[in-house]
Amino acid sequence: MCIFAQSLTKLKQIAYQKMAKFLTNREENYAQWYNDLVLKADLAENSAVRGCMVIKPYGYAIWEKIQAELDRLFKATGHVNAYFPLFIPKSFFSKEAAHVEGFAKECAVVTHYRLKTDESGKGIVVDPSAKLEEELIIRPTSETIIWNSYKNWIQSYRDLPILINQWANVVRWEMRTRLFLRTAEFLWQEGHTAHATREEAIEETEKMINVYASFAENSMALPVIKGYKSENERFAGALDTFAIEALMQDGKALQAGTSHFLGQNFAKAFDVQFTDKSGKLDYVWATSWGVSTRLMGAIIMGHADNNGLVLPPKLAPIQVVIIPIFKNSEQLASISETAIKIKSDLEQKGISVKYDNRDNNTPGWKFADYELKGVPVRLAIGPRDLQNKTVEIARRDNLSKETVPVEKVSEFIPKLLEDIQANIYQKAYNFRKENTFHVDKWEDFVSKLDDQGGFIMAHWDGTAETEEKIKDETKATIRCIPFDSPDEEGKCIYSGKPSRRRVLFARSY
RNA sequence: CGGGGUGUAGCGCAGCCCGGUUAGCGCAUCUGGUUUGGGACCAGAGGGUCGCAGGUUCGAAUCCUGCCACCCCGACCA
3 MCIFAQSLTK LKQIAYQKMA KFLTNREENY AQWYNDLVLK ADLAENSAVR
53 GCMVIKPYGY AIWEKIQAEL DRLFKATGHV NAYFPLFIPK SFFSKEAAHV
103 EGFAKECAVV THYRLKTDES GKGIVVDPSA KLEEELIIRP TSETIIWNSY
153 KNWIQSYRDL PILINQWANV VRWEMRTRLF LRTAEFLWQE GHTAHATREE
203 AIEETEKMIN VYASFAENSM ALPVIKGYKS ENERFAGALD TFAIEALMQD
253 GKALQAGTSH FLGQNFAKAF DVQFTDKSGK LDYVWATSWG VSTRLMGAII
303 MGHADNNGLV LPPKLAPIQV VIIPIFKNSE QLASISETAI KIKSDLEQKG
353 ISVKYDNRDN NTPGWKFADY ELKGVPVRLA IGPRDLQNKT VEIARRDNLS
403 KETVPVEKVS EFIPKLLEDI QANIYQKAYN FRKENTFHVD KWEDFVSKLD
453 DQGGFIMAHW DGTAETEEKI KDETKATIRC IPFDSPDEEG KCIYSGKPSR
503 RRVLFARSY
């Protein structure tokens, strides 16, 4: 139950609107709003290197929370961490045909290993005599370098399964980049597992897409749709790709995580065979799965508003901020007494609290700033509160405020954080529900996409040609074929040919 | 790779079309004072190779040529 019954007065609304001038209005220019928000919430900025971002401490703190929780989930499902090289010999890439095809166009390549001062003595140039025998690719993903190692690790069924995850950076030389959503270098985790049987590998692939989905829903408070990728959208070198797809507030889809069943493709490419229980030689079965710093983009675009970020409490580096309101140092001292007590009470319950007693900004400035940064709960304590033994508690998700007795705070906050977590999930869920459409006519399909976007459930004849044509004409792609999409006779939205189930279409990031 | 844009103080920008004293504004910074319950105010101060290289001109941030970098919009992608 939400106890924040009071609604905003008109005056307060005007005050909020005034504050919004610090951000581009979301309705006016979504892309600009997103960009502004990333910069102004101090999450990241563009760097001197084209397409590469600097992740600033506050943004990185959110990533660390994401990492910590995912790492816990991976370990709970039997995985261990390891680390493989950043560089991949070029020849490794040519071993798996589809894989090269998929990544060749976006690889950064190391060709030399030394610099020297140029003839003028002022600048520095690549030393032509230091050319590498074989060029090194900066990993866009690590299947090849990892399977090359697995070859040495696997001889018998007793060596399986191998369940390894790696936290790393990868480079994909994208044409166009956007902070967090697509950068030339990004941080991610990539799981690479090896199994004795096809069934076990498929089970692993499913297990990990489920881990991602529950992370998205429980921690990020974002509902996702799990499904199969169509052949066109499949990972280069995979037999099957499972994905989770989330709907952003502008009606575009964001692929938030993928899990690939690689079959025996990489084992064959790197000649990784094992002796099974019956003494027969066979190739090893593989999976790989990953999520990236793109999840930061999903959190931003999934929840944020015109006042700034709205962080799910479970991933907020600061869950509660305490702001003192004071006129002089005596007042601050007595407020601090209460504030520090509350802070330590909350910290004992595992809640992260920041007491911002800096006197170089006014309370109003701090209110706006922590709102911009998406801190879920704000406590304000002023002389008035001190007198009444109360604090003012404001929640970021719906901007409502409540005055609560000091002695109730430490039992009130944990419930409030849960409430906020649940509320922003529900909000995102409702948004998705309102923006998911079953469409049967081509003209409706086109106009829906143009008018408001969203998820479109429509019939598809199952061919790559149709998918390609739909993409050409509308920029919409099949995001996934949902696992839970029921059997239903229908006709392809484009070709009119028979279809057995609906698939999920959307324009995407 | 195609289209558009930008480059001027630490940051954000104006000035450029139509060349002319000392290149301006906001934020930030420093000093002093008043403030602090929703991005405070007043007064003063400091801070500039105008992206780089040429050219035109008595004179260039401004006009011309070339180069570089970044951003935005498309084709490609987590």
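Here my numbering is used: position 460 in the first sequence is 462, and no number is missing along the way. Glycine included, every Cβ here is placed at the ideal spot set by N, Cα and C. Given the structure is predicted, the values throughout are model-derived calculations rather than measurements.
Q: Tell me whether P326 sits in a helix, a strand or coil according to DSSP, three-state version.
A: Counting from one through the first sequence, the residue named residue 326 turns up at place 324. Looking at P326 - three-state DSSP - the assignment turns out to be strand.
**Q.** N- and C-terminal bounds of the alpha helix (DSSP H) containing I147
**A.** Here residue 147 refers to the residue found at position 145 when the first sequence is read from its first residue. Looking at the DSSP string, the run of the alpha helix (DSSP H) that includes I147 is 145 to 155.
**Q.** Boundaries of the alpha helix (DSSP H) in which H101 is found, first to last residue
**A.** Here residue 101 refers to the residue found at position 99 of the first sequence. Unbroken alpha helix (DSSP H) run through H101: 99 to 105.
Q.
By the three-class DSSP mapping on this structure, what secondary structure does D252 have?
A. Reading the first sequence from its first residue, position 250 is the one you call residue 252. Annotated three-state conformation of D252 is coil, per DSSP.
Q: Apply the 10 Å Cβ neighbour rule to S93 and answer buried if 16 or more other Cβ atoms are within range, or exposed otherwise.
A: Taking the first residue of the first sequence as position 1, residue 93 is located at position 91. Under this definition S93 is an exposed residue.
Q: Would you check if the distance between the CB atom of S510 and the CB atom of W462 is smaller than 8 Å?
A: Position 508 of the first sequence, counting from 1, holds the residue named residue 510. Position 460 of the first sequence, counting from 1, holds the residue named residue 462. No.
Q: From the DSSP output, read off the bridge partner residues of N48.
A: On the first sequence, residue 48 is found 46 positions in, with the first residue counted as 1. For N48, which the question treats as bridged, DSSP gives the partners M55.
**Q.** Per DSSP, cross-strand counterpart(s) of F89
**A.** Residue mapping note: residue 89 aligns to position 87 of the first sequence, counting from 1. Answer by DSSP bridge pairing, in chain order: I140.
Q.
Less than 8 Å between the beta carbons of R52 and E108, yes or no?
A. In the first sequence, counting from the first residue as 1, residue 52 sits at position 50. In the first sequence, counting from the first residue as 1, residue 108 sits at position 106. No.
Q. Going by the CB atoms, is the gap between F433 and V441 shorter than 8 Å?
A. On the first sequence, residue 441 is found 439 positions in, with the first residue counted as 1. On the first sequence, residue 433 is found 431 positions in, with the first residue counted as 1. No, Cβ-Cβ distance for V441 and F433 is not below 8 Å.
Q | Cβ neighbours of G1 in the same chain (closer than 6 Å, five flanking residues each side left out) | A | Outside the shown range of the chain, which is 3 to 511, sits residue 1, and nothing can be said about it.
Q. Does the separation of the CB atoms of V40 and L249 fall below 8 Å?
A. Start at 1 with the first residue of the first sequence, and residue 40 comes out as number 38. Start at 1 with the first residue of the first sequence, and residue 249 comes out as number 247. Going by C-beta atoms, V40 is not nearer than 8 Å to L249.
Q.
Applying the 10 Å Cβ sphere with the 16-neighbour rule, what's the burial state of M177?
A. As a first step, residue 177 is located in the first sequence; it is residue number 175 there, counting from the start. By the 10 Å Cβ count, M177 comes out exposed.
Q.
Measuring only the C-alpha atoms, how far is A22 from N309?
A. Taking the first sequence and counting its residues from 1, the one referred to as residue 22 is at position 20. Taking the first sequence and counting its residues from 1, the one referred to as residue 309 is at position 307. Residue placement at A22 is poorly supported in this model, since its pLDDT is 38, which falls under 50; the coordinates still yield a value, given next. In a straight line, the C-alpha of A22 is about 5 Å away from that of N309.
Q. What are the start and end residues of the alpha helix (DSSP H) that includes R386?
A. Counted from its first residue, the first sequence places residue 386 at position 384. Where R386 is concerned, the enclosing alpha helix (DSSP H) stretches over 385 to 390.
Q: Return the bridge partner residues of G259 from the DSSP annotation.
A: The count along the first sequence starts at 1 and reaches residue 259 at position 257. Beta-bridge pairing links G259 to I246.
Q.
Tell me the DSSP secondary structure of K473 in three-state form.
A. As a first step, residue 473 must be located in the first sequence, where it is residue number 471. Of the three classes helix, strand and coil, the one that applies to K473 here is helix, per DSSP.
Q. To the nearest whole angstrom, what separates the beta carbons of I324 and I383, a pair I think is in contact under 8 Å?
A. Counting from 1 along the first sequence, the entry for residue 324 is found at position 322. Counting from 1 along the first sequence, the entry for residue 383 is found at position 381. Going by Cβ atoms, the distance from I324 to I383 rounds to 7 Å, so yes, they are a contact pair.
Q) Between the beta-carbon of T207 and the beta-carbon of F263, is there less than 8 Å? A) If you number the first sequence from 1, residue 207 lands on position 205. If you number the first sequence from 1, residue 263 lands on position 261. Result yes, Cβ atoms of T207 and F263 sit closer than 8 Å.
Q | Through-space distance from P378 to D399, alpha-carbon basis | A | Along the first sequence, one-based indexing puts residue 399 at 397. Along the first sequence, one-based indexing puts residue 378 at 376. So the two alpha carbons sit approximately 7 Å from each other.
Q) In whole angstroms, what separates the C-alpha of T340 from that of L418? A) Position 338 of the first sequence holds residue 340. Position 416 of the first sequence holds residue 418. Cα to Cα, the separation comes out at about 20 Å.
Q: Would you mind sorting S158 into buried or exposed? The rule is 16 or more other CB atoms within 10 Å of its CB.
A: Numbered from its first residue, the first sequence carries residue 158 at position 156. Its Cβ having fewer than 16 others within 10 Å, S158 is exposed.
Q. Nearest to L189 by CA position, among I64, R360, D371, is which residue?
A. One-based indexing of the first sequence puts residue 189 at position 187. Of the listed residues, the one whose Cα sits closest to L189 is I64.
Q: Identify every residue that forms a DSSP beta bridge with C482.
A: For the purposes of this step, residue 482 is taken as the residue at position 480 of the first sequence. C482 is bridged to L506.
Q) Where DSSP assigns a beta bridge to H81, which residues make up the other side? A) As a first step, residue 81 must be located in the first sequence, where it is residue number 79. Beta-bridge pairing links H81 to no other residue.
Q) Using the C-alpha atoms, what's the distance from S216 back to R360? A) Position 358 of the first sequence, counted from the first residue, corresponds to residue 360. Position 214 of the first sequence, counted from the first residue, corresponds to residue 216. If you take the alpha carbons of R360 and S216, they lie about 39 Å apart.
Q.
Please state the DSSP three-state secondary structure of V411.
A. Counting from one through the first sequence, the residue named residue 411 turns up at place 409. If DSSP states are grouped into helix, strand and coil, V411 belongs with the helices.
Q) Out of curiosity, what's the CA-to-CA distance linking Y290 and N437? A) As a position in the first sequence, residue 290 is number 288, starting the count at 1. As a position in the first sequence, residue 437 is number 435, starting the count at 1. Note on identity: in this sequence residue 290 is Ser, with Tyr being the wrong assignment. Their Cα atoms are separated by approximately 31 Å.
Q: Drop a sphere of 10 angstroms on the beta-carbon of N267, count the other beta-carbons inside from all chains shown, and report buried for 16 or more, exposed for fewer.
A: Working through the first sequence from its first residue, we reach residue 267 at position 265. By the 10 Å Cβ count, N267 comes out buried.
Q: Taking only the alpha-carbon atoms, compute the straight-line gap between Y431 and L256 and give it to the nearest angstrom.
A: Here residue 431 is taken as the residue at index 429 of the first sequence, counted from 1. Here residue 256 is taken as the residue at index 254 of the first sequence, counted from 1. Going from the Cα of Y431 to the Cα of L256 covers about 15 Å.
Q) Can you tell me whether V393 is buried or exposed, with buried defined as 16 or more other CB within 10 angstroms of its CB? A) For the purposes of this step, residue 393 is taken as residue 391 along the first sequence, with counting starting at 1. Flag for V393 reads buried.
Q) What does a CB cutoff of less than 7 Å around L334 pick up in its chain, not counting 5 residues either side in sequence? A) Taking the first residue of the first sequence as 1, we reach residue 334 at position 332. Contacts found: P326, F328, N359.
Q. With distances taken from CA atoms, which of L381, G104, G464, L183 is nearest I301?
A. Translated into the one-based positions of the first sequence, residue 301 becomes position 299. The option with the nearest alpha carbon to I301 is L183.
Q. How far does the alpha helix (DSSP H) with Q275 in it reach, from first residue to last?
A. For the purposes of this step, residue 275 is taken as the residue at position 273 of the first sequence. Here Q275 belongs to no alpha helix (DSSP H); instead the beta strand (DSSP E) covers 275 to 277.
Q) Between the C-alpha atoms of S221 and R74, what's the straight-line distance to the nearest angstrom? A) Mapped onto the first sequence, residue 221 falls at position 219. Mapped onto the first sequence, residue 74 falls at position 72. Rounded to the nearest angstrom, the two C-alpha atoms are 12 Å apart.
Q) Within the chosen definition, does the segment 113 to 120 reach the segment 81 to 92 through at least 3 CB pairs nearer than 8 Å? A) no
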